[in-house]
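Novice: This is the structure I want to talk about, given as structure tokens.
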Amino acid sequence: MDPQILISGGGPIGNYLASQLKGYSTVVMEEHSEIGKPIQCTGLVHPRVTEIVKAQESILNTIKGLRLFFPDGRMIEVKTNEAKAVVIDRCMFDNICCEAAKEADATISTSSKVLDFKRDGNELSVKCLIDGDKKEVRTKLLIGADGYKSQVGSYAGLGCAKEIVRGIQADLEYQMPEQDMVEVYLGKDIAPGFFAWILPCGEFTRAGVGVSKGNGIPSKYLERLIEKKGLEDAKRSQIYSGAIPIGYPKSTSTDNVMIVGDAAAQTKPISGGGLFTGLRCATYAAETAIEALEANDYSASILSRYEDKWRSEIGKELDRGMIVRKVFVGMSDKKLNEAGKLLDKPQAKEILATGDIDYPCELAKPILKAVPSLVKLAPGALRTLLIGR
Ligand SMILES: Cc1cc2nc3c(=O)[nH]c(=O)nc-3n(C[C@H](O)[C@H](O)[C@H](O)COP(=O)(O)OP(=O)(O)OC[C@H]3O[C@@H](n4cnc5c(N)ncnc54)[C@H](O)[C@@H]3O)c2cc1C
96 MDPQILISGG
106 GPIGNYLASQ
116 LKGYSTVVME
126 EHSEIGKPIQ
136 CTGLVHPRVT
146 EIVKAQESIL
156 NTIKGLRLFF
166 PDGRMIEVKT
176 NEAKAVVIDR
186 CMFDNICCEA
196 AKEADATIST
206 SSKVLDFKRD
216 GNELSVKCLI
226 DGDKKEVRTK
236 LLIGADGYKS
246 QVGSYAGLGC
256 AKEIVRGIQA
266 DLEYQMPEQD
276 MVEVYLGKDI
286 APGFFAWILP
296 CGEFTRAGVG
306 VSKGNGIPSK
316 YLERLIEKKG
326 LEDAKRSQIY
336 SGAIPIGYPK
346 STSTDNVMIV
356 GDAAAQTKPI
366 SGGGLFTGLR
376 CATYAAETAI
386 EALEANDYSA
396 SILSRYEDKW
406 RSEIGKELDR
416 GMIVRKVFVG
426 MSDKKLNEAG
436 KLLDKPQAKE
446 ILATGDIDYP
456 CELAKPILKA
466 VPSLVKLAPG
476 ALRTLLIGR
């Protein structure tokens, strides 16, 4: 062991990051005994995500449109002829990321947990639990890709996500008649502080909900969703739950340490999707790691280049996403229904049809320009989006 780079967390982001570090000794430690399990994801991504990691074979289904249900039952349908998103087999996707890391000569150490670390001169001494035995590993760079509870981020004093949304979903043995439309449900009774979804995945259907803190157990809302769809009798082949960190911390790097992916809450605040953003940030973490190794400098100053790079690509989108999320969470069902009524117009639907799930905030300005009365629902915040800050 004693690699130049130690990555804590063998999820998709940690392994993809390792795949970008060929030529540098890299170890990925994953606490579980298998890569890709347990699954904690719906697997809805833009096709570009599968292209980035060459994981097209993990695609289960293609989505071309959306049906958005408001609390009063109003449904806004947005249909297109393009592949707006694909559903992936997350376990296969994670394993493809892991194979790419191995091809780049990274060592993947499963059943290995990063516990703690201390700085020792120019490097770190990292305490780990490998196959149940306590070990000490020395490394120049420790990268936390260890998910929403990131121990690396917390030991490094980098702070945590501003908010955690709890998610739960069930795979139902039911084939939806229309395979290219995803359904999204809004409202306090169905998914307070987030949304619920019904996603066709070929032979099965994925039903899920996200719920923000203080609203009780998510499973109650999942049952309500399944009942609403009349799918109580459908056999459940899998049930999985997880947490979505929202709102990145103040800093994502310090001396000898960077955090990436869910560990840095680099998720899209509107949808909670973290694969695209995490992969982009991993590219910048890899670039910065290589710069640091070449300069033999692991100071906070050189590693802050990582933060500058990822923020300049997706920081604005995530910040605007936080504004939209704040407005959304503050809206009563009555206000959501008003928004639904205002959006239920051909011009607004045409604009929604141009949307890209990785850049949802790009829609804000054109929608607010087309439907200016929307601004009245949250004047301060929405005006900020309208004038483009
Ligand atoms: C219900 C739900 C639905 C979602 N749906 C979507 C979606 O449709 N599209 C999308 O883009 N995103 C979605 N996401 C988000 C997506 O799953 C995450 O953004 C993505 O998994 C982040 O990858 P990661 O590698 O950063 O973290 P993770 O996937 O969480 O991987 C981190 C890994 O680190 C390991 N680990 C943790 N601590 C340690 C330690 N100390 N030592 C060693 N290993 C450790 C963990 O066991 C885990 O395997 C969803 C999330 C949830 C919860």
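Quick note on our numbering: the sequence shown kicks off at 96 and runs consecutively.
C-beta atoms are modelled at their ideal positions from N, C-alpha and C, and glycine is treated no differently.
Looking at the strands, I want to know which residues DSSP matches up with F164.
Specialist: Answer by DSSP bridge pairing, in chain order: M170, Y280.
Novice: Distance, Cα to Cα, G367 vs A338?
Specialist: Their Cα atoms are separated by approximately 9 Å.
Novice: Per DSSP, what kind of secondary structure is Y269 in: helix, strand or coil?
Specialist: Note: Y269 maps to coil in three-state DSSP.
Novice: Given the structure, does V232 come close to ligand 1, in the sense that its CB is under 7 Å from one of the ligand's heavy atoms?
Specialist: False, no ligand heavy atom lies under 7 Å from that Cβ.
Novice: Leaving out five residues before and five after A201 in sequence, what residues of the same chain have Cβ atoms less than 6 Å from its Cβ?
Specialist: So the list reads A113, T121, V123, once near-sequence residues are dropped.
Novice: Taking DSSP as the reference, what is the three-state secondary structure of V355?
Specialist: Three-state result, V355: coil.
Novice: Within 7 Å: the Cβ of T121 and any heavy atom of ligand 1?
Specialist: Because no heavy atom of ligand 1 lies under 7 Å away, the Cβ of T121 does not count as near it: no.
Novice: Quick check: what's the CA-CA separation for P98 versus V232?
Specialist: Roughly 8 Å between the two C-alpha positions.
Novice: Run the CB neighbour count on I238, radius 10 Å, all protein chains shown included, and call it buried at 16 or more, exposed below.
Specialist: It counts as buried.
Novice: Distance check for L253 and L224, CA to CA, integer angstroms please.
Specialist: Computed Cα separation, rounded: 23 Å.
Novice: From the DSSP output, in three-state form, read off A113 for me.
Specialist: Reduced to three states, the DSSP call for A113 is helix.
Novice: Quick check on F289: does DSSP put it in helix, strand or coil?
Specialist: Of the three classes helix, strand and coil, the one that applies to F289 here is coil, per DSSP.
Novice: Taking E258 as the reference, give the member of V140, S153, R420 with the closest Cα.
Specialist: Measuring from the Cα of E258, the nearest candidate turns out to be R420.
Novice: Where does T449 land, buried or exposed, given buried means 16+ other C-beta within 10 angstroms?
Specialist: By the neighbour-count rule (16 or more Cβ atoms within 10 Å), T449 is not buried but exposed.
Novice: Report the rounded CA-to-CA distance for K460 versus I312, giving the unit in angstroms.
Specialist: The alpha-carbon atoms of K460 and I312 are separated by roughly 35 Å.
Novice: Any chance you could list the alpha helix (DSSP H) runs of at least 4 consecutive residues sitting entirely within the region 432–472, in chain order?
Specialist: Whole alpha helix (DSSP H) segments, 4+ residues: 441–447, 459–465.
Novice: Which residues in the same chain have their Cβ closer than 7 Å to the Cβ of R301, if we skip the five residues on either side of it in sequence?
Specialist: Closer than 7 Å at Cβ, skipping near neighbours: T137, Q264, D266, L294.
Novice: Among the candidates P340, V277, Q135, whose CA atom is the shortest distance from the CA of C245?
Specialist: Strictly speaking, residue 245 in this sequence is Ser, with Cys absent from that position. Among P340, V277, Q135, the Cα nearest to that of S245 belongs to P340.
Novice: Indicate, with yes or no, if ligand 1 has a heavy atom lying under 7 Å from the CB of P364.
Specialist: Flag unset: Cβ of P364 not near ligand 1.
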